[in-house]
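A.B. asks:
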Amino acid sequence: MRLAEAYYRLNELAGVRFGDLFSSSDMEMIIVNKGKTGQLLELSLGMNLSSSNLDFEDGELKTNKCDKAGNPRETVFITQISSIIDELIEKRPFEDTHLYQKIDNILYVPVCKDGRPEDWMFLPSVHVDLSKNKFSRLREIWREDYYSICEQLRVHIENSPDGFIHTSNGTHIQVRSKDARDGNGNYHPIRSNIYGRYVSNKNHAFYFQKQFVYDIRRMDGQ
Numbered sequence: 040m041r042l043a044e045a046y047y048r049l050n051e052l053a054g055v056r057f058g059d060l061f062s063s064s065d066m067e068m069i070i071v072n073k074g075k076t077g078q079l080l081e082l083s084l085g086m087n088l089s090s091s092n093l094d095f096e097d098g099e100l101k102t103n104k105c106d107k108a109g110n111p112r113e114t115v116f117i118t119q120i121s122s123i124i125d126e127l128i129e130k131r132p133f134e135d136t137h138l139y140q141k142i143d144n145i146l147y148v149p150v151c152k153d154g155r156p157e158d159w160m161f162l163p164s165v166h167v168d169l170s171k172n173k174f175s176r177l178r179e180i181w182r183e184d185y186y187s188i189c190e191q192l193r194v195h196i197e198n199s200p201d202g203f204i205h206t207s208n209g210t211h212i213q214v215r216s217k218d219a220r221d222g223n224g225n226y227h228p229i230r231s232n233i234y235g236r237y238v239s240n241k242n243h244a245f246y247f248q249k250q251f252v253y254d255i256r257r258m259d260g261q
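Residue numbering for the sequence shown follows our numbering, starting at 40 and increasing by one per position.
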């Protein structure tokens, strides 16, 4: 499915209570798996998606928990950085990065989870296409965030007491730790080939901060 088709379908369902949208058996699944937003999208779009493949043919899906007014209650995960740490240290040109590929065309879907699961609902989504004029300022913000974060990470590696990267913030984008222990109770450290050593004792990821949501809604005229 292409992103524009999903945008159209989801916005037709915006504001409809899940209790009115899904069957009783579907609601039982939702209640048991409250964090499985991807499953909600499967049901509402009629898509055959797996938990490892929630993206569209021509763009990325970004969901977020919000209140009834659409105000974000969480930050938005973008992508992990362990495999691209040297790309960040080298400050590869923004438009040539893995990060850019993840955010140049996205469907942001807010999910209001106030009250009982039967009262949850999708709210109007936003199709963020950086090729459109109304989002031109976003490209500038994200480019500035990217280069600032790259520099912050390098400074952390070279100057922090532990020699590790730490939380790094831009206007919309941040890098912070995101990891879970494996079966042996260990985290997943990040190794840099440039520095020839580990630069973190656990994995980190890019996130959109909450300000991102307010700004894309404003640019979209919501």
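Backbone N, C-alpha and C define an ideal beta-carbon position, used for all residues, glycine too.
Only counting runs of 4 or more residues, tell me where the alpha helix (DSSP H) segments fall wholly within the segment 76 to 143, in order along the chain.
C.D. replies: 76 to 84, 124 to 128 and 137 to 142
A.B. asks: Can I120 and V238 be called in contact, C-beta distance under 8 Å?
C.D. replies: no
A.B. asks: Could you give the C-beta distance for Q213 and Q248, rounded to a whole number, given that I count them as a contact under 8 Å?
C.D. replies: 6 Å
A.B. asks: Suppose contacts are defined by Cβ-Cβ distances below 8 Å. Is N240 in contact with Y253 by that definition?
C.D. replies: no
A.B. asks: To the nearest angstrom, report how far apart H166 and I70 are at their CA atoms.
C.D. replies: Approximately 28 Å between the Cα atoms of the pair.
A.B. asks: Looking only at C-alpha atoms, which of S62, P132 and S164 sits nearest to N110?
C.D. replies: S164
A.B. asks: Go to I56, then tell me how far its alpha helix (DSSP H) extends in each direction, as first and last residue.
C.D. replies: The displayed chain sequence assigns Arg, not Ile, to residue 56. Element bounds for R56: n/a, residue is neither H nor E.
A.B. asks: Unbroken alpha helix (DSSP H) runs of length 4 or more, entirely within the segment 153 to 186: which are they?
C.D. replies: none
A.B. asks: If you check the beta carbons only, do F161 and A53 fall under 8 Å apart?
C.D. replies: yes
A.B. asks: Please report the straight-line C-alpha distance between G209 and P149, rounded to a whole angstrom.
C.D. replies: 22 Å
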